[in-house]
Structures are given as structure tokens and as C-alpha cells.
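Numbering (the working numbering), first residue to last: 2 to 256. Worksheet for the structure shown next.
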């Protein structure tokens, strides 16, 4: 429960309905901010704080205790407000769809984090997944290389759980997963993973990952190249439901 928000409403005379109208959300959403302690999107936090004449951190103090790496924060803001996300992964399940045990194994396996930092990065990664549970979630389309399904990250039980969770996520109308079969030879995905986000203004941004840190891409020529790569990997992939069938079969093989 967010007592600070409730106090601000009482002091300013706002109701959940009037604040919702001012911010541009459904009254039920404001109700969740109050009763469930959910943290709004960045643009809604700003609008609500202005209406209530409060600093954002006075109402949502957790937003000041950032757990993700500094270099990742610009992309996290883009991801949080995106209308759509197109993600290609050649080595692992994307972070937005990872289970806790799988994500922990990935972070430990990277070998670049002190053990004391793993829990902090794990919490940040899992917190990002709330973007898919908001009232207006982005359309997430994922293309995976089939090798992701067969790599024993975290062991058999972790892989079984992860692939079943991945298949279950595909039941949501805003999540689509496609698998590039192992029989495909050379294709654009061999050059590495990437994500393309489309924001509410219908502008795009890209994200490239590497061993040291990620890179946010905004140059139009670079984005055009990423879109061409996306069309290539998407064209080589199975249909959504063919992919779900394959993911489910491989999940049972890990059991």
C-alpha cells in the first residue's frame, strides 16, 4: 500500500478518478498504485507528482534506489514506455521472459559480476518484467535461435521450467515467440542479438549488447540496418504456434 500517495490525494483533494483523468490513465490503475504499491510508468509518475505538488521520490521512493547498471538506464526507460519491442536472441532467452533460476544462472555464468552483485542485478532484471504486466503492455515479438532451447543453462530442471514458462507466456496476446530452426544455415542472426523499440511517438530506438555493456542506437542509418536484420531473422523463423510446439517438446525433453 502506498500511504504517501494516499496522503497526497487527501491533502490536495484529488480522488482516484480525478487523478486518473489528470494523468490520462484508468481509475483502476491509480487504485493499483494505492493498494498494490505499483510504480507507474515514468511519464505517469511525472504527471501525478506535478498534479499532487510533490517530488516523485516522496511518493515513489523506490525509483531513487536504482539497481540496474548506469549504462543500462537509458534503455530501461525506453523499454518501459515502448509500444512494441522486437527482440532477437542467439544465445539466451531474453531477460523479459527469463525465470529467476535461469536469470541467476546466466548472471553467474557470465563471470563478470562479483557474487555479491548478482542478487542486485537479478532483482533489476526481474523487476523489468513488470512492463509486460501493465495495463497497456508493449507488443513483444521475440525471435530465438533454436540453440537457445538446447543450451543447458542452469541444468535440466532450470531449462524445463524456463521453456515451459516461455511457452506459457505465448498464451498472452501481446507476446509472440518465433524460433529459427537449427537447420537454417547462415543468416543475419549470426551477427549477434539486438532489440528494436517503438515508442508512443512511433519513433524507434535500438539496443545492442556486448561483453562489457549495451549500446543504445538512434542513428537512422543504423536503425535501418537493424530493421533489415530483423526482417531477415523473422523470415527464417517458424510461425508462432509452430515455435510454441517446438519449445514445448524441447521442454519435455529436459524433464
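Where a beta carbon is used, it is the ideal one built from N, C-alpha and C, also for glycine.
Continuous alpha helix (DSSP H) stretch holding residue i: start and end
| i | result |
| --- | --- |
| residue 159 | 157-170 |
| residue 1 | The question about residue 1 has no answer here: the residues shown for the chain are numbered 2 through 256. |
Backbone secondary structure at residue i - three-state DSSP
| i | result |
| --- | --- |
| residue 2 | coil |
| residue 177 | strand |
| residue 88 | strand |
| residue 27 | coil |
| residue 188 | coil |
| residue 17 | helix |
| residue 47 | helix |
| residue 218 | strand |
| residue 75 | helix |
| residue 136 | coil |
| residue 11 | helix |
| residue 40 | coil |
| residue 234 | helix |
| residue 62 | helix |
| residue 67 | Bear in mind that the predicted position of residue 67 carries a pLDDT of just 49, short of 50, making it unreliable; the figure below should be weighed with that in mind. Coil at residue 67, not helix or strand. |
| residue 202 | coil |
| residue 119 | helix |
| residue 183 | coil |
Presumed contact (8 angstroms Cβ cut-off) between residue i and residue j, rounded CB distance
| i | j | result |
| --- | --- | --- |
| residue 181 | residue 146 | 5 angstroms |
| residue 257 | residue 241 | Shown here, the chain extends from 2 to 256; a query on residue 257 therefore has no answer. |
| residue 196 | residue 208 | 4 angstroms |
| residue 123 | residue 104 | 6 angstroms |
| residue 91 | residue 190 | 5 angstroms |
| residue 144 | residue 206 | That pair is no contact at about 18 angstroms. |
| residue 54 | residue 96 | No, residue 54 and residue 96 are not in contact; Cβ-Cβ is about 36 angstroms, not under 8 angstroms. |
C-beta contact flag for residue i and residue j at 7 angstroms
| i | j | result |
| --- | --- | --- |
| residue 82 | residue 45 | no |
| residue 245 | residue 168 | yes |
| residue 136 | residue 30 | yes |
| residue 79 | residue 198 | yes |
| residue 100 | residue 173 | no |
| residue 85 | residue 138 | no |
| residue 165 | residue 226 | no |
| residue 256 | residue 161 | yes |
| residue 98 | residue 170 | yes |
| residue 49 | residue 24 | yes |
| residue 87 | residue 142 | yes |
| residue 102 | residue 184 | no |
| residue 119 | residue 127 | no |
| residue 89 | residue 234 | yes |
| residue 35 | residue 3 | yes |
Start and end residues, beta strand (DSSP E) containing residue i
| i | result |
| --- | --- |
| residue 150 | Where residue 150 is concerned, there is no enclosing beta strand (DSSP E), although the alpha helix (DSSP H) it sits in stretches over 148-151. |
| residue 154 | Note, residue 154: premise wrong, no beta strand (DSSP E); not H, not E. |
Cross-strand partners of residue i (DSSP beta bridge)
| i | result |
| --- | --- |
| residue 103 | Residue 103 pairs with nothing; no bridge assigned. |
| residue 32 | Bridge partners of residue 32: none, in fact. |
| residue 197 | 87 and 207 |
| residue 53 | Beta-bridge pairing links residue 53 to no other residue. |
| residue 142 | 87 and 177 |
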